[in-house]
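Participant:
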Amino acid sequence: MIFDNILRGNIAYTNRDLIKGEIKGVCLYFHAFGDEDLIYAPRPLENYLAKKGILSAYVFFDVWQFGSDITAKTVDAVYNGLCEKFGIGRNIPTVLFGEGVGATVALNCARMTASIPLAGAVLACPVTDFRAHSEVRGDIDAVYFTAFRHLDTDFNCAVDSMSPILHINEMPDIPYRFILPDKADSRVYPDKFDRGIVADEQYDRYIAKMGEHGLDTVVETYDFCNCPMPEDIRQIAADIISDMLSGGKK
Amino acid sequence: MKNSEFYKIINAETIDRFAHTNAELINGRIKGVVTRFHGYGGCNTSLPIDELDKFFAEHNILSFYPFYGPWAWASDACLAMIDRIIDVLCEIHGLDGTTPLVIHGQSMGGMTSLLYTRHAAVCGSPLKLVGCAADCPVCDLDILWKTRRDIFSSLIAAYGHYDCSFDEAVRRTNPLALVADMPDIPYYIVQGELDGEFNPLEQSGVFVPELKKYAGDVYYEFVPGMAHCSMTQEIASRYFDFIVKTIERNA
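Listed in order, the protein sequences are those of chains C and S.
Per my numbering, the very first residue in the first sequence carries number 818; after that it's consecutive.
Per my numbering, the very first residue in the second sequence carries number 12; after that it's consecutive.
#1: Could you list the residues in the region 53–83 of chain S with a C-beta less than 8 Å from some C-beta on chain C, going in chain order?
#2: Could you tell me the alpha carbon to alpha carbon distance between C:Val960 and C:Gly838, rounded to whole angstroms?
#3: For a contact meaning CB atoms closer than 8 Å, what does S:Ile167 contact in chain C?
#4: Note down, in chain order, each residue of its chain lying with its Cβ closer than 8 Å to the Cβ of S:Ala188, except the 5 sequence neighbours on either side.
#5: Does the distance from the CB of C:Ser873 to the CB of C:Cys900 come in under 9 Å?
#6: Expressed to the nearest angstrom, what Euclidean distance is found between the alpha-carbon atoms of C:Asp956 and S:Gly121?
#7: Suppose you measure from the CA of S:Ile254 to the CA of S:Lys42; what does that come to, to the nearest Å?
#8: Looking at the structure shown, is S:Lys13 part of a helix, part of a strand, or coil, going by DSSP?
#9: Please confirm if the region 846–855 of chain C is in contact with the region 201–215 of chain S, defined as three or more CB-CB distances below 8 Å between the two stretches.
#10: Residue range of the alpha helix (DSSP H) that C:Pro981 falls in?
#11: Would you say C:Thr831 reaches chain S, if we count a Cβ-Cβ gap shorter than 9 Å as a contact?
#12: Taking the beta strand (DSSP E) that C:Thr831 falls in, what are its first and last residues?
#13: Which residues of chain C have a Cβ atom closer than 7 Å to the Cβ of S:Tyr173, listed in chain order?
#14: Could you tell me which residues DSSP pairs with S:Val229 in its beta bridges?
#15: Leaving aside the five residues before and after S:Val99 along the sequence, list all residues of the same chain whose C-beta is less than 8 Å from its C-beta, in chain order.
#16: Candidates C:His967, C:Tyr1039, C:Thr831, C:Ser932: which alpha carbon is nearest C:Ile1053's?
#17: If contact is defined by three or more beta carbon pairs under 8 Å, each pair taking one atom from either stretch, is the region 159–173 of chain S in contact with the region 830–837 of chain C?
#18: If the cut-off is 7 Å on Cβ atoms, which residues from the region 953–965 of chain C count as contacting chain S, listed in chain order?
#19: Give the residues from the region 915–945 of chain C that approach chain S closer than 7 Å (Cβ to any Cβ), ordered along the chain.
#20: Does the distance from the C-beta atom of S:Ala131 to that of S:Leu140 stay below 9 Å?
#21: Following the continuous beta strand (DSSP E) through C:Thr1038, name the residue where it begins and the one where it ends.
#22: C:Asn973 CB to nearest chain S CB: under 9 Å?
#23: Could you tell me which chain S residues have their CB closer than 7 Å to the CB of C:Lys967, listed as they occur along the chain?
#24: Give the DSSP-derived three-state secondary structure of S:Gln117 in the structure shown.
#25: Cutting at 6 Å between CB atoms, please list the residues of its own chain near C:Ser1059, excluding the five before and the five after it.
#26: Examine the Cβ distances between the region 84–104 of chain S and the region 25–40 of chain S and report whether three or more of them are shorter than 8 Å.
#27: The region 869–894 of chain C: which residues have C-beta closer than 7 Å to a C-beta of chain D, in chain order?
#28: From S:Ile72 to S:Val190, what distance separates their C-alpha atoms?
#29: Considering C:Leu845, what are the terminal residues of the beta strand (DSSP E) in which it resides?
#30: Quick one: give me the first and last residue of the alpha helix (DSSP H) that S:Glu259 is part of.
#31: Hey, does S:Asp151 have any beta-carbon neighbour from chain C nearer than 9 Å?
#32: What residue range does the alpha helix (DSSP H) around C:Asp1056 cover?
#33: Could you have a look at S:Ala88 and say whether DSSP puts it in helix, strand or coil?
#34: What separation, rounded to the nearest whole angstrom, lies between the Cα atoms of C:Ile909 and C:Gly915?
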């Protein structure tokens, strides 16, 4: 009931006013840690997608929710609210796009929001293994506590219940496009400037497991360190989103 | 809630992951405990020892800053986390119902101060609740979210696990709606006239007269020209002296 009529308040920024003509696709966008200010005007991403006829929704979620079920329910309610408000039919495809913790939100939303007709997910630097993340960042336990403290189980079970790497078998069969840095994430791993360690601990292991489950993954690496991603890399993501929503047609 | 399996992750060994304290600075017997509830949008999990920690430690007062999250808004889960931290601090330092507790916080943390004070009075506390101090507290959450466009989404996040409507969740967590439950203890509330975060006349300006109906010792310092949570040294000195003296009177 909390989520009823969710668009009564300011829960997402959309580029609807910039789109001329019909909406051809939807992009639900999830920001990174450090980029959590709410936006009230379009960035280059929202402008670009509008020109392509893609409705972009920058969802205002709590980065300390870390892709919890509460965030997934919020996203589901926002999506359904937008469909009703803008007359978007279920035949209109949707892409989830996230950066950093936002990419984790995108993964967990792909798993937990059955009502959204997904055409794919674009993921930049997702945290995919919560236990491994905690081992290198002890301060993250307070975040997990805040995110999962409503769950009726013990702490470790709650963390595991939301950790993407433990739920690959529940992921929908859609294309997953990973955009990864070719440098170590110096903020997430302040003592480890080795791309190999980062890849092994967070990205490569997860993506390899997705492949084992027959999921469609493509990895692209670019010259950046962490998310929020530089604008030029975000533009590359925007092109991938546009391709996904047009069924691969330019 | 605080005794659930989940909350047991906060214990004597892990407490530093969930709260910052000044315990390492205190020599001798702890005379009392004070909370430091932070505001909206910020939660520093690597807080260094600061001047306020030292000030309280000089008076043998244990202070703690819980990492309850930037968008906590004093939800039931947030209050339960504070309960659990206090239980663990009692266990570590041998504190009990004779140890005075003053609740202090700023802005959203000021609202948390008011609501935790009520919570401790209604549900009980292992410590002796003796006072409440709030710097520019949010007192009417309903007005706040309707007048600030950035608040709604944070409330959805904070109360997303509630089994009720959004309006009911706000009512359950609105100091103004719950004022009749406030205990009759000393209060010190500071509010700046030029608060840029909200209209103070709609917040403490309405709440304090209501609070005075239920508590006999309410000091309200409305400061001309002061911005949000920007006490001058002179005002801060009076404010923190209230906390120290209230604890010392009850120690």
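Using N, Cα and C, we set each Cβ at its ideal position, and we do this for glycine too.
Facilitator: Looking at the coordinates:
#1: The region 53–83 of chain S vs chain C, Cβ under 8 Å: Cys54, Thr56, Ser57, Phe78, Tyr79, Gly80, Pro81, Trp82, Ala83.
#2: On the first sequence, residue 960 of chain C is found 143 positions in, with the first residue counted as 1. On the first sequence, residue 838 of chain C is found 21 positions in, with the first residue counted as 1. Going from the Cα of C:Val960 to the Cα of C:Gly838 covers about 42 Å.
#3: Residue numbering aside, residue 167 of chain S sits at position 156 when the second sequence is read from its first letter. The answer, in chain order, is Ile819, Phe820, Ile823, Gly826, Ile828, Thr891.
#4: Locating residue 188 of chain S in the second sequence gives position 177, where the first residue counts as 1. Asp153, Arg182.
#5: As a first step, residue 873 of chain C is located in the first sequence; it is residue number 56 there, counting from the start. As a first step, residue 900 of chain C is located in the first sequence; it is residue number 83 there, counting from the start. No, the Cβ-Cβ distance between C:Ser873 and C:Cys900 is not below 9 Å.
#6: Your numbering for residue 956 of chain C matches position 139 in the first sequence. Your numbering for residue 121 of chain S matches position 110 in the second sequence. Answer to the nearest angstrom: the Cα atoms are 24 Å apart.
#7: Residue mapping note: residue 254 of chain S aligns to position 243 of the second sequence, counting from 1. Residue mapping note: residue 42 of chain S aligns to position 31 of the second sequence, counting from 1. Whole-angstrom Cα-Cα distance: 12 Å.
#8: Locating residue 13 of chain S in the second sequence gives position 2, where the first residue counts as 1. Three-state result, S:Lys13: coil.
#9: no
#10: Working through the first sequence from its first residue, we reach residue 981 of chain C at position 164. Run containing C:Pro981: none; DSSP gives neither H nor E here.
#11: Numbered from its first residue, the first sequence carries residue 831 of chain C at position 14. C:Thr831 does not count as touching chain S.
#12: Counting from one through the first sequence, the residue named residue 831 of chain C turns up at place 14. For C:Thr831, the enclosing beta strand (DSSP E) starts and ends at 829–831.
#13: Walking along the second sequence from the start, residue 173 of chain S turns up at place 162. Those within 7 Å of S:Tyr173 in chain C are Ile819.
#14: For the purposes of this step, residue 229 of chain S is taken as residue 218 along the second sequence, with counting starting at 1. Per DSSP, S:Tyr198.
#15: As a working mapping, residue 99 of chain S is identified with position 88 in the second sequence. Excluding residues within five positions, the ones whose Cβ falls inside 8 Å are Ile21, Asn22, Ala23, Ile26.
#16: Against the first sequence, residue 1053 of chain C aligns to sequence position 236. Distance from the Cα of C:Ile1053 is smallest, within the candidate group C:His967, C:Tyr1039, C:Thr831, C:Ser932, for C:Tyr1039.
#17: no
#18: Gly955, Asp956, Asp958, Ala959, Phe962, Thr963
#19: Contact annotation: in the region 915–945 of chain C, no residue has its CB less than 7 Å from a CB in chain S.
#20: Within the second sequence, the letter at position 120 stands for residue 131 of chain S. Within the second sequence, the letter at position 129 stands for residue 140 of chain S. For S:Ala131 and S:Leu140, yes; Cβs fall inside 9 Å.
#21: Numbered from 1 along the first sequence, position 221 holds the residue referred to as residue 1038 of chain C. Run containing C:Thr1038: 1034–1039, per the beta strand (DSSP E) assignment.
#22: Counting from one through the first sequence, the residue named residue 973 of chain C turns up at place 156. Chain S contact via Cβ: present.
#23: Locating residue 967 of chain C in the first sequence gives position 150, where the first residue counts as 1. Just to set this straight, residue 967 of chain C is His in the shown sequence, not Lys. Going along chain S in sequence order, the residues near C:His967 (Cβ under 7 Å) are Ala88, His172.
#24: Residue numbering aside, residue 117 of chain S sits at position 106 when the second sequence is read from its first letter. Correct three-state label for S:Gln117: strand.
#25: Against the first sequence, residue 1059 of chain C aligns to sequence position 242. Correct list, in chain order: Lys869.
#26: yes
#27: Checking the listed chains, one finds no chain D in this structure; the protein chains it contains are C and S.
#28: In the second sequence, the residue the question calls residue 72 of chain S occupies position 61. In the second sequence, the residue the question calls residue 190 of chain S occupies position 179. Their backbone Cα atoms lie some 28 Å apart in a straight line.
#29: Within the first sequence, the letter at position 28 stands for residue 845 of chain C. From DSSP, the beta strand (DSSP E) with C:Leu845 extends over 842–847.
#30: Stepping through the second sequence from its first residue, residue 259 of chain S is reached at position 248. Element bounds for S:Glu259: 244–261.
#31: The sequence position of residue 151 of chain S within the second sequence is 140, counting from 1. Judged by the 9 Å Cβ criterion, S:Asp151 is not in contact with chain C.
#32: Here the question's residue 1056 of chain C lines up with position 239 in the first sequence. Annotation for C:Asp1056: the continuous alpha helix (DSSP H) segment containing it runs 1048–1062.
#33: As a first step, residue 88 of chain S is located in the second sequence; it is residue number 77 there, counting from the start. Residue state, collapsed to three classes: helix.
#34: The sequence position of residue 909 of chain C within the first sequence is 92, counting from 1. The sequence position of residue 915 of chain C within the first sequence is 98, counting from 1. Between the alpha carbons of C:Ile909 and C:Gly915 lies a distance of about 20 Å.
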